[in-house]
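S.K.:
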Amino acid sequence: MPVIDKQGHLLGRITVDDVIDVIDEEASEDAYKMVGLESEDKVFTKPLNSVRKRLPWLTLNLFTALIVSSVVGIFENTIQQLSVLAVLMPIVAGLGGNSGTQTLT
4 MPVIDKQGHL LGRITVDDVI DVIDEEASED AYKMVGLESE DKVFTKPLNS VRKRLPWLTL
64 NLFTALIVSS VVGIFENTIQ QLSVLAVLMP IVAGLGGNSG TQTLT
């Protein structure tokens with residue numbers, strides 16, 4: 004794809020490889036942000052720095068999991084009587100996680 008100025012002079016070109024590289028970089032950056040990392044935080048980040056950035060979200064996730072466990076405990080007798088409900092619990096949990104991820108993006 005040619006790149007031209009307002010007068011129609013050729014400034015350069017953009018190749019398909021360039022477009023794919025930009026798409027890949029943007030997708031990686033979005034994925035890093037979803038898990039609490041900055042784009043410059045790659046594999047070589049010090050573990051303590053990663054923990055500091057992720058700990059608030061992990062703590063929030065832990066508390067919400069405890070709340071869900073309490074709700075499941077309330078319905079323990081019902082789950083014992085209808086054991087098929089226990090099979091559906093991981094599916095519902097997965098849907099909740101997927102919905103949360105969808106909301107963030």
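Residue numbers for the sequence shown, in this note's numbering: 4 to 108. For every residue, glycine included, the Cβ atom is placed at its ideal position computed from N, Cα and C. Keep in mind that this is a model prediction, so the values were computed, not measured.
(1) Look up residue 15 in the DSSP assignment and give the residues it is bridged to.
(2) Considering Cα atoms alone, identify which of 82, 84, 93 is closest to residue 68.
(3) Suppose the cutoff is 7 Å on Cβ atoms and the five residues either side in sequence are ignored; what does the same chain contact list for residue 64 look like?
(4) Just reading off the alpha helix (DSSP H) that residue 61 is part of, what are its end residues?
(5) Have a look at residue 70 and residue 83 and give me their C-alpha separation to the nearest angstrom.
(6) CA-CA distance, residue 60 and residue 36?
(7) Determine the direct distance from the alpha carbon of residue 80 to that of residue 96, and round the result to whole angstroms.
(8) Is residue 31 helix, strand or coil when you go by DSSP?
M.R.: Once the coordinates are examined:
(1) 6
(2) 93
(3) none
(4) 50 to 77
(5) 20 Å
(6) 12 Å
(7) 20 Å
(8) helix
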